[in-house]
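Residue numbers (the numbering used here), protein chains in the order written: chain A, 874 to 1273; chain B, 5 to 159.
What follows is the structure, encoded as structure tokens:
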């Protein structure tokens, strides 16, 4: 470990419940920010730095989200940044705030992400943009996000003998977890029969196996360890690792929104396989831990099958063993290593810039012992994992 | 139906329309030999290579299915869907020489039940959508045994 401080304290967490509320995203961000400030026992005027995770579906205010939230809270002169990293935007906003704190440029920061989403498939942002692969993949292939999720699901079936029942079991588990979460959008248990009886969207994935798009907001108040102590928090929950890694060449797994993988024809010794494996690994390294130290995980279950991929990618088991974990109940609350006790995207739906922040909120509640009805007993170390399209890794280690 | 319509590619410069030997047009880095699709014009994807000259190359016309799925629900615009909407399959195909995977729609009439990982497929050019005057074309993958399968499907 380097001798300088590598941890930041999490003083406050806040969320606006996920749903399809149809209101301005700024409202959700504001509710979440105020809840986080209250949780931290701080006032808005105490915040020195605001880090916004952008939404690209809500016009200019969404592109400059940090300033938008700061203005909504009332201009205070705080320093600001806004950043976009697709689904990883929240982690990027956390990374920004953390860097300011660790560099000693500020003592206490507010991180906010919120979104209002349209109904149905995520479509590219409007306008004819023939040099944008995200526009072109819809136009030339009709390839939606579930197209890519389904390609990965089929690989699990092919390589590891996954069954539709294994995938459905992930949804069943997450739906059970989400029942107890007041911030979740879907709070109803579903059965495997209901999952497998729902319409196929992209073979082999059914409607109930693919995450919805949601409105919601999440916020964190982060501070230096010194500030936390001066604020009376002698043993605060900390963020001890943040990963925002990019892939390595040659990336041989097809990724949204690409038409093709990298070519490995002239790559020599370079091996880019396993971008998703590198994401949590980088966060573990910063935190000085390994996957065996993790008590609870929040992973990006854009689809049921993708949650199984994450079990392997964050090191909970070896490649090809994820099906055994779900079959044995290991990843249920009460099991060996609970995953998505919040209910995951399965129960939330995706509010893009808020989601990676929401993952951290859940981990903080878990390690504080405040996750009523879904508490992982004795949880001390949590990890989140997520990936934003165009090559954004996102993983955060939360430690008590 | 398409006889009087002009056949034009739905995207310029991504594939060669040739009824005998259609092909995807990619690039090959003149310095390190890395392929790319769509073609690179100003930088090589290989981080150890500073090449900035590329030759246009036709990619392998045949490959093996890496994975596949279908689109049961109509994709949102800018996809131009037929009315009524017809679901279609999509395959990600490994090209042997290029050591890369390229996605494409699968030709009409071939569904997920007709596909398996590892199947050999070949590139064809087919209609993506039409307007009054044009047929807009795109590359698609077709199982190499599709002629046989087509008969079974039509029966």
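Cβ atoms here follow ideal geometry from the backbone N, Cα and C, with glycine treated the same way.
Task: Beta-carbon spacing of residue 99(B), residue 67(B) below 8 Å - done: yes
Open item on the list: Can you tell me whether residue 75(B) is helix, strand or coil according to DSSP?
Closed with: For residue 75(B), the secondary structure class from DSSP, reduced to helix, strand or coil, is strand.
TODO: Using a Cβ-Cβ cut-off of less than 9 Å, give me the residues of the segment 1014-1046 of chain A that come near chain B, in sequence order.
DONE: 1014, 1015, 1016, 1017, 1019, 1020, 1021, 1022, 1023, 1024, 1025, 1026, 1027, 1028, 1030, 1031, 1032
TODO: Return the CA-CA distance between residue 1062(A) and residue 1052(A), expressed in angstroms with no decimal places.
DONE: 7 Å
Open item on the list: Within 10 Å of its beta-carbon, does residue 1194(A) have 16 or more other beta-carbons around it, so buried, or fewer, so exposed?
Closed with: exposed
Task: Segment limits, alpha helix (DSSP H) that includes residue 956(A) - done: No alpha helix (DSSP H) contains residue 956(A), which is instead part of the beta strand (DSSP E) from 952-956.
Open item on the list: Residues of the segment 107-118 of chain B in Cβ contact with chain A at a cutoff of 8 Å, in chain order, please.
Closed with: 107, 108, 109, 116
- [ ] Identify which residue in 899(A), 1031(A), 1042(A) has its Cα closest to the Cα of residue 931(A).
- [x] 899(A)
TODO: Have a look at 72(B), 79(B), 30(B), 34(B) and flag the residue whose alpha-carbon is nearest the alpha-carbon of residue 996(A).
DONE: 79(B)
Task: Inter-residue Cα distance where the pair is residue 44(B) and residue 19(B) - done: 14 Å
- [ ] Return the CA-CA distance between residue 48(B) and residue 1135(A), expressed in angstroms with no decimal places.
- [x] 10 Å
- [ ] For chain A, find out if any of its Cβ atoms is closer than 8 Å to the Cβ of residue 27(B); answer yes or no.
- [x] no
TODO: Determine the DSSP secondary structure at residue 1176(A), reduced to helix, strand or coil.
DONE: strand
Task: Partner residues on chain B for residue 1074(A), Cβ-Cβ distance less than 8 Å - done: Taking a Cβ-Cβ cut-off of 8 Å, the neighbours of residue 1074(A) in chain B comprise 76, 77, given in sequence order.
- [ ] Mind checking who residue 58(B) pairs with in its DSSP beta bridge?
- [x] According to DSSP, residue 58(B) bridges with 33(B).
TODO: Name the two residues that bound the continuous alpha helix (DSSP H) containing residue 1020(A).
DONE: 1018-1033
Open item on the list: Run through chain A and tell me which residues come within less than 8 Å of residue 102(B), C-beta to C-beta.
Closed with: 1136, 1138
Task: Whole runs of the beta strand (DSSP E) within the segment 1029-1096 of chain A, excluding any shorter than 3 residues - done: As far as the segment 1029-1096 of chain A is concerned, its whole beta strand (DSSP E) runs of at least 3 residues are 1073-1075, 1088-1096.
- [ ] Provide the residue span of the beta strand (DSSP E) that contains residue 1199(A), from first to last.
- [x] Unbroken run through residue 1199(A) is the alpha helix (DSSP H), 1195-1200; no beta strand (DSSP E).
TODO: Look up residue 38(B) in the DSSP assignment and say whether it is helix, strand or coil.
DONE: coil
Open item on the list: Taking CB distances under 8 Å as the criterion, tell me whether residue 37(B) reaches chain A.
Closed with: yes
Task: Neighbour list for residue 105(B) in chain A, Cβ cutoff strictly below 9 Å - done: Within chain A, the residues whose beta carbon sits less than 9 Å from that of residue 105(B) are 1125, 1126, 1127, 1133, 1134, listed in sequence order.
- [ ] Evaluate residue 1055(A) with the Cβ neighbour count: other Cβ atoms within 10 Å of its Cβ, from every protein chain shown; 16 or more gives buried, anything less gives exposed.
- [x] exposed
Task: Collapsed DSSP secondary structure at residue 983(A) in the structure displayed - done: strand
Task: Span separating the alpha-carbon of residue 16(B) from that of residue 1139(A) - done: 27 Å
Open item on the list: Suppose only complete runs of 3+ residues qualify. What are the beta strand (DSSP E) ranges in the segment 1116-1195 of chain A, listed by chain order?
Closed with: 1169-1172
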